[in-house]
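A quick write-up on the structure given underneath.
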Amino acid sequence: MEKMDSLVEKLEKSNISNAAIVMGDIIGVLQRQAKNTESKDIKICYSSNQNMINVVDKNLNADFPWSVNVPSEAFDKSRLENNGTAFVGVLRFLNMGNKNDIVLNNEVYGITMGANISNLTNKIEMIIQHSVPVGEASCSSWDGKGNLTWTTSGCKTEKINNNTIKCSCSHLTFFAVLMSLPDANITAPYVDSLSFITSIGCGISMFFLSVALFMHFLLRKAKSNQATKILMNMFVALFLLNLSFLSNESVANTDVNVACILIALLMHYSMLATFTWFFIQALHMYLWLIRQNITITNYVRKITVFGWTFSAPIVVAVVSLGGYKSLTITTTSGKNPKMCWITDPLIHYIVNVGYYALVFFFTTGVFIMIVTKIVQARHIKAADGKRKTFRKQLMMVLSLFLLFGLTWAVAFFSYGAMLIPSYYIFTVLNSFQGFFLFLYYYHIHNDVAGNFSDDPESSSSTTTIVQSGMNAVENIDN
Numbered sequence: 111m112e113k114m115d116s117l118v119e120k121l122e123k124s125n126i127s128n129a130a131i132v133m134g135d136i137i138g139v140l141q142r143q144a145k146n147t148e149s150k151d152i153k154i155c156y157s158s159n160q161n162m163i164n165v166v167d168k169n170l171n172a173d174f175p176w177s178v179n180v181p182s183e184a185f186d187k188s189r190l191e192n193n194g195t196a197f198v199g200v201l202r203f204l205n206m207g208n209k210n211d212i213v214l215n216n217e218v219y220g221i222t223m224g225a226n227i228s229n230l231t232n233k234i235e236m237i238i239q240h241s242v243p244v245g246e247a248s249c250s251s252w253d254g255k256g257n258l259t260w261t262t263s264g265c266k267t268e269k270i271n272n273n274t275i276k277c278s279c280s281h282l283t284f285f286a287v288l289m290s291l292p293d294a295n296i297t298a299p300y301v302d303s304l305s306f307i308t309s310i311g312c313g314i315s316m317f318f319l320s321v322a323l324f325m326h327f328l329l330r331k332a333k334s335n336q337a338t339k340i341l342m343n344m345f346v347a348l349f350l351l352n353l354s355f356l357s358n359e360s361v362a363n364t365d366v367n368v369a370c371i372l373i374a375l376l377m378h379y380s381m382l383a384t385f386t387w388f389f390i391q392a393l394h395m396y397l398w399l400i401r402q403n404i405t406i407t408n409y410v411r412k413i414t415v416f417g418w419t420f421s422a423p424i425v426v427a428v429v430s431l432g433g434y435k436s437l438t439i440t441t442t443s444g445k446n447p448k449m450c451w452i453t454d455p456l457i458h459y460i461v462n463v464g465y466y467a468l469v470f471f472f473t474t475g476v477f478i479m480i481v482t483k484i485v486q487a488r489h490i491k492a493a494d495g496k497r498k499t500f501r502k503q504l505m506m507v508l509s510l511f512l513l514f515g516l517t518w519a520v521a522f523f524s525y526g527a528m529l530i531p532s533y534y535i536f537t538v539l540n541s542f543q544g545f546f547l548f549l550y551y552y553h554i555h556n557d558v559a560g561n562f563s564d565d566p567e568s569s570s571s572t573t574t575i576v577q578s579g580m581n582a583v584e585n586i587d588n
């Protein structure tokens, strides 16, 4: 970059306006605007087909992997420090190797005009095209001095569409588009281990969920009550979710579009149904413990219909929008497994993240109210000399976490330094969730779930949820 002045002098002596630059892997172009001429805007583009950087017509709308518009204002400032001559030099470097960042398209561009170009009114605009999904992208710069340290100061990032990013900068230096940690590439080294943990966890969960369902339908059906029925419905939803997840890659590898859509639909429906049953579980506890004395006609039938039908219109809408497709997961092992799932980030955030967030807010509110009741009951028992062990109360709190699906909220902390740890925590807690719920069902079912209703198997179509709040807490705490 420091040798541009001598190259400009050679261009002036030869009366040449531009020249291509090739230095090993580094390519570029030098464009000169002569003395005593009007400064003009120019457009410079990188052509991947020719592997060259060229000056093109500023009105050309062809798609280039990278292009920059240099305003006449920048050339005017260049003339002030170059004896009336204005020039711009653009060089393309491969990734300069900052291991803490991910450089989009593995390229860095250096732009110089032989002068201090800053505080521009008309920004220097760069358009970057990319073909791979990216996380949060930021237009960054480096002043070329000292250690490679990127900063976003002086640059504005604008995402035009899923494949195009626009950088508007008020100064000139080295530029790159950096992708933040949520990008798929940063987690690629961990995909294999996360997939292994998930497969083991889902397999174990499926086994124990099927055992719990077998025990309920064949051995304990006569003892079932409202809470147990809700729990069994949740078990079925989780079983379908684990089954469809474990089958997904095999179906995706068949490259049959219809089969891919069906398995993605089943997995998505099962996941949303699971979220719905988390909500119903919290709602049931709220009615039983907080509200009390509530009479609901056909209570179990209504919540069952709601639990299994609410998600149906959502997946139908996603299918109609063409949201289910095959996608490839990047790994460092080179296997790059396929998966059938939602490929549109907007649909994913609105439908999945948005719906779970609503469920999470409600279940968290109920969780806080119940824990508050438990603490109040603990103090009363302490005064009576009947204080129970902390271990049982801790077991109750952990059980509520599982029943309300609060472990899924770990995904909300998948940012920055917590990204990789949160992925492992999320994977372990949720892939093994079926196993943990089986332990809850088997060990403390009689102490907790068994007291959720005073009518284990009512023949009446009307259900009355009646229980003193403090007595209910005592049942939980016993």
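Using the working numbering, read the sequence shown as starting at 111 and increasing by one per residue.
Where a beta carbon is used, it is the ideal one built from N, C-alpha and C, also for glycine.
For Asn128, which residues of its own chain have a beta-carbon under 8 Å away from its beta-carbon, when the five flanking residues on both sides are left out?
Leu121, Val139, Leu140, Gln141, Arg142, Val165
Once the 5 residues before and after Ala521 are set aside, which same chain residues still bring their CB inside 6 Å of it?
Phe536
For Gly311, which of helix, strand or coil comes out of DSSP?
helix
With distance defined between alpha-carbon atoms, name the residue in Thr261, Val180, Asn192 nearest to Ile237.
Taking the Cα of Ile237 as reference, the smallest distance to any Cα among Thr261, Val180, Asn192 is reached at Val180.
With distances taken between CB atoms, is the gap from Leu319 to Phe345 smaller than 8 Å?
yes
Going by alpha carbons, who is nearest to Ser248 out of Cys265, Lys255, Thr414, Ile234?
Cys265
Please state the DSSP three-state secondary structure of Phe562.
Legend: pLDDT at Phe562 = 40, less than 50; position of this residue unreliable, value from coordinates given subsequently. In the structure shown, Phe562 sits in coil (DSSP, three-state: anything other than H, G, I, E or B).
Just the C-alpha distance for Ser116 and Thr222, rounded to the nearest angstrom, thanks.
Here the alpha carbons of Thr222 and Ser116 stand approximately 13 Å from one another.
By the three-class DSSP mapping on this structure, what secondary structure does Ala582 have?
Residue confidence is low: Ala582 scores 44 on pLDDT, short of 50, so the model does not pin down where it sits. No coordinate-derived value is stated.
3-residue-minimum beta strand (DSSP E) runs that sit fully inside the segment 401–474, ordered along the chain
404–407, 434–438, 448–452
So Ala383 and Ser421 are supposed to be a Cβ contact under 8 Å. How far apart are they, rounded?
5 Å
Considering just the uninterrupted stretch of the alpha helix (DSSP H) at Asn271, what are its terminal residues?
Looking at the DSSP string, Asn271 is not in any alpha helix (DSSP H); the run it does join, the beta strand (DSSP E), is 265–271.
Ala322 versus Met316 - alpha carbon distance
10 Å
Report yes if the C-beta distance between Phe185 and Ser228 is below 8 Å; otherwise report no.
no
Any idea what DSSP makes of Asn208, helix, strand or coil?
Its pLDDT being 45, under 50, Asn208 is placed unreliably by the model, and the measurement read from it follows with that caveat. Coil, per DSSP.
If distances are taken between C-alpha atoms only, which option among Leu547, Leu549, Phe542 comes closest to Ile310?
Phe542
Let me make sure I understand the geometry here. Which of Leu230, Ile137, Pro175, Gly194 has the alpha-carbon closest to that of Glu183?
Leu230
N-terminal and C-terminal residue of the alpha helix (DSSP H) that Tyr379 is part of:
367–395
For Gln143, report the span of its beta strand (DSSP E) as first-last.
136–143
Evaluate the contact criterion for the segment 346–353 versus the segment 428–437: three or more CB pairs, one atom per stretch, below 8 Å.
no
Here's a check: name, in chain order, each residue in its chain whose Cβ is nearer than 7 Å to the Cβ of Arg465, leaving out the five neighbours to either side.
Note on identity: in this sequence residue 465 is Tyr, with Arg being the wrong assignment. Taken in chain order, the residues that qualify are Leu382, Phe385.
Nearest neighbour of Trp387, chosen from Ser280, Val118, Phe546, Thr473 [CA to CA]:
Thr473
Would you identify the three-state DSSP class for Ser228, choosing helix, strand or coil?
coil
Proximity test, Cβ basis, 8 Å: Leu304 and chain C:
Of the chains in the structure shown, none is chain C; there is only one protein chain.
Going along the chain, which residues of its own chain have a beta-carbon closer than 7 Å to the beta-carbon of Phe389, five neighbours each way excluded?
Val469, Phe472, Thr473
Roughly how many angstroms separate the alpha carbons of His394 and Phe416, rounded to a whole number?
13 Å
Continuous alpha helix (DSSP H) stretch holding Met336: start and end:
The sequence given here places Gln at residue 336; Met does not occur at that position. Note, Gln336: alpha helix (DSSP H), 336–363.
Can you name the start and end residues of the alpha helix (DSSP H) that Lys187 belongs to?
182–190
By Cβ distance, which residues of its chain are closer than 7 Å to Ile314, with the 5 residues on each side in sequence left out?
Phe542, Phe545
In the DSSP assignment, the beta strand (DSSP E) including Ser278 goes from what residue to what residue?
Segment 274–279, the beta strand (DSSP E) holding Ser278.
Integer-rounded CB distance, given that Cys312 should sit under 8 Å from Ala374
Between Cys312 and Ala374 the Cβ distance is about 16 Å, and since that is not below 8 Å, they are no contact.
Three-state secondary structure assigned by DSSP to Thr482
helix
Three-state secondary structure assigned by DSSP to Ile530:
helix
Take Asn363 as the anchor and find which of Asn540, Ile439, Phe197 has the nearest alpha-carbon.
Distances from the alpha-carbon of Asn363 to those of Asn540, Ile439, Phe197 put Ile439 closest.
Element boundaries [beta strand (DSSP E), containing Met162]
162–166
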